[in-house]
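Below you'll find the structure, written out as structure tokens, and then a few comments.
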Amino acid sequence: MSRRLHIEVFRYNPLDPNSVPHMQSFFIDEYDSMTLFIALNIIRDQHDATLQFDFCCRAGICGSCGMVINGRPGLACHTQTKDLPDHIVLHPLPVFKLIGDLSVDTGVWFRDAGKRIEAWVHNDDEHFDPTQEEARMENSLANEIFELDRCVECGCCISACGTARMRPDFLGAAAIARVARFYLDPRDERNEENYYEVIGNDQGVFGCMGLLACEDVCPKHIPLQDQLGIMRRMLALHSVKGILPKSLINKLSHKGCCHENHQS
Numbered sequence: 000m001s002r003r004l005h006i007e008v009f010r011y012n013p014l015d016p017n018s019v020p021h022m023q024s025f026f027i028d029e030y031d032s033m034t035l036f037i038a039l040n041i042i043r044d045q046h047d048a049t050l051q052f053d054f055c056c057r058a059g060i061c062g063s064c065g066m067v068i069n070g071r072p073g074l075a076c077h078t079q080t081k082d083l084p085d086h087i088v089l090h091p092l093p094v095f096k097l098i099g100d101l102s103v104d105t106g107v108w109f110r111d112a113g114k115r116i117e118a119w120v121h122n123d124d125e126h127f128d129p130t131q132e133e134a135r136m137e138n139s140l141a142n143e144i145f146e147l148d149r150c151v152e153c154g155c156c157i158s159a160c161g162t163a164r165m166r167p168d169f170l171g172a173a174a175i176a177r178v179a180r181f182y183l184d185p186r187d188e189r190n191e192e193n194y195y196e197v198i199g200n201d202q203g204v205f206g207c208m209g210l211l212a213c214e215d216v217c218p219k220h221i222p223l224q225d226q227l228g229i230m231r232r233m234l235a236l237h238s239v240k241g242i243l244p245k246s247l248i249n250k251l252s253h254k255g256c257c258h259e260n261h262q263s
């Protein structure tokens with residue numbers, strides 16, 4: 000027998016001076032394979048057409064439908080109602096600017112983070128020659144880079160991050176993993192000093208409290224904490240190059256590091 004779901008939704012329109020933040024309850028019938036995305040569409044189609052929430056692909060690719068589901072950031076299209084209790088409480092993702100109800104603006108945050116970390120390949124090639132062969136790399140390295148390129152910028156890891164919720168200048172796991180992606184890329188000619196200037200501070204790798212919430216809520220299961228640890232160790236060793244013996248630094252820099260074949 001299908002359940003009767005009680006879905007409690009945060010409601011607030013910051014553009015309406017008469018709007019007051021409050022929770023609103025909706026009751027709908029559950030059916031097999033229902034996702035939270037489908038449930039929200041039923042609410043908007045049959046109960047309240049003014050309900051605001053974001054979606055695009057419905058397949059966990061665009062990252063638009065991120066929200067806090069019973070206290071945990073996640074994607075509505077990836078969440079089946081059968082995996083939740085019959086009382087579901089929904090809030091917008093914190094950290095990001097609220098547009099209305101469950102809709103937030105993640106684009107401005109990620110665009111700013113991309114500028115701060117200079118999220119593009121840095122090299123000295125001034126002109127692109129379309130007649131040349133494409134740059135080649137080993138499949139194993141390409142797979143490592145692809146692993147970090149799977150981020151859909153849904154914002155779940157940022158919203159779950161204790162540091163990001165306390166400090167708006169913190170780059171967060173998604174941005175740091177993006178830096179790690181370019182650190183792996185042999186086409187990027189930045190050295191350790193360049194990376195240190197970008198994320199070697201409290202706004203970057205040294206601001207993380209290690210709560211592991213970012214990786215815990217990532218819908219794409221990207222190893223965010225591994226990458227943050229690798230980058231933090233690399234930059235920490237770089238900062239003591241003039242103090243510790245070179246042999247010890249070389250030993251520590253490769254110990255348990257999946258980036259050990261990368262030449263910066």
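Heads up, the sequence shown is in numbering that gives the first Met the number 0, so the first residue is 0 and it goes up one at a time. Glycine is no exception: its CB is placed at the ideal position from the N, C-alpha and C atoms.
Please confirm whether Ala-179 has its beta-carbon closer than 7 Å to some beta-carbon of chain E.
Considering every chain present, this structure includes no chain E. It has just one protein chain.
Ordered along the chain, which non-local residues of its own chain (more than five positions away) have a Cβ less than 7 Å from that of Asn-260?
Your numbering for residue 260 matches position 261 in the sequence shown. The pLDDT assigned to Asn-260 is 49, lower than 50, so where the model puts this residue is not dependable; a value taken from the coordinates is nonetheless given after this. There are no such residues.
Below 7 Å between beta carbons: does that hold for Leu-92 and Ser-158?
Stepping through the sequence shown from its first residue, residue 92 is reached at position 93. Stepping through the sequence shown from its first residue, residue 158 is reached at position 159. Yes, they are a contact pair.
Range of the contiguous beta strand (DSSP E) that encloses Met-66
Here residue 66 refers to the residue found at position 67 when the sequence shown is read from its first residue. It spans 65–68 - the beta strand (DSSP E) in which Met-66 sits, taken as one unbroken run.
Rounded C-alpha distance that separates Phe-36 from Cys-64
Along the sequence shown, read from residue 1 onward, the residue named residue 36 stands at position 37. Along the sequence shown, read from residue 1 onward, the residue named residue 64 stands at position 65. Looking at the two C-alpha atoms, the distance is approximately 8 Å.
In terms of DSSP beta bridges, what is Asp-47 paired with?
The residue given as residue 47 occupies position 48 in the sequence shown. Residue pairing of Asp-47 in beta bridges, as defined by DSSP: absent, with no partner found.
Any idea what DSSP makes of Thr-78, helix, strand or coil?
Taking the sequence shown and counting its residues from 1, the one referred to as residue 78 is at position 79. In the structure shown, Thr-78 falls within a coil segment according to DSSP collapsed to helix, strand and coil.
Which whole-angstrom value describes the C-beta separation of Cys-213 and Ala-172, a residue pair presumed to lie in contact below a C-beta threshold of 8 Å?
If you number the sequence shown from 1, residue 213 lands on position 214. If you number the sequence shown from 1, residue 172 lands on position 173. 4 Å between Cβ atoms; contact.
Count the C-beta pairs between the stretch 70–77 and the stretch 150–165 that are closer than 8 Å, then say yes if the count reaches three, no if not.
The answer is yes - the stretch 150–165 touches the stretch 70–77, with three or more Cβ pairs under 8 Å.
Is Leu-14 buried or exposed, if buried means 16 or more other CB atoms sit within 10 Å of its CB?
For the purposes of this step, residue 14 is taken as residue 15 along the sequence shown, with counting starting at 1. The residue in question, Leu-14, is exposed, as its Cβ has fewer than 16 Cβ neighbours within 10 Å.
Endpoints, alpha helix (DSSP H) assigned at Glu-196:
Working through the sequence shown from its first residue, we reach residue 196 at position 197. For Glu-196, the enclosing alpha helix (DSSP H) begins and ends at 191–198.
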